[in-house]
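Beneath this line is the structure, given in C-alpha cells, with notes to follow.
Residue numbers (the working numbering): 34 to 113.
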C-alpha cells in the first residue's frame, strides 16, 4: 500500500481542479456515511460498478487509492 501522504499528493497533483474537487466531495460523502453508521458494514464496501464510482472516481488518479487507504474494501459481485 502506498503511504497516505503520497496518495493524497497524487490526488491533488495529477488531476484537474474540477476532478479533484468532485472526487473529494464523493470521498467525504463516503467517509461521512461510515461516521454516521459505524456499525453498518455496507458503508465500508465499494462496488466498482457503482455508477458514481465508475464515472467520477475510477478516472481520477489517486481517488480509489484514497478510498482503500481509508479502509474501504472492494465488493466483487459473483455472477450466476
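Glycine included, every Cβ here is placed at the ideal spot set by N, Cα and C.
With distances taken between CB atoms, is the gap from residue i to residue j smaller than 8 Å?
i	j	result
residue 107	residue 79	yes
residue 99	residue 44	yes
residue 87	residue 40	no
residue 56	residue 90	yes
residue 77	residue 104	yes
What does the alpha-carbon distance come out to for the pair residue i and residue j?
i	j	result
residue 59	residue 66	11 Å
residue 85	residue 70	20 Å
residue 83	residue 109	11 Å
If I measure Cβ to Cβ from residue i and keep anything under 8 Å in the same chain, skipping five residues before and after, which residues do I get?
i	result
residue 113	Bear in mind that the predicted position of residue 113 carries a pLDDT of just 49, short of 50, making it unreliable; the figure below should be weighed with that in mind. For residue 113, where only same-chain residues beyond five positions count, there are no Cβ hits under 8 Å.
Handout entry: 4-residue-minimum alpha helix (DSSP H) runs that sit fully inside the region 44–100, ordered along the chain
Key = 50–69
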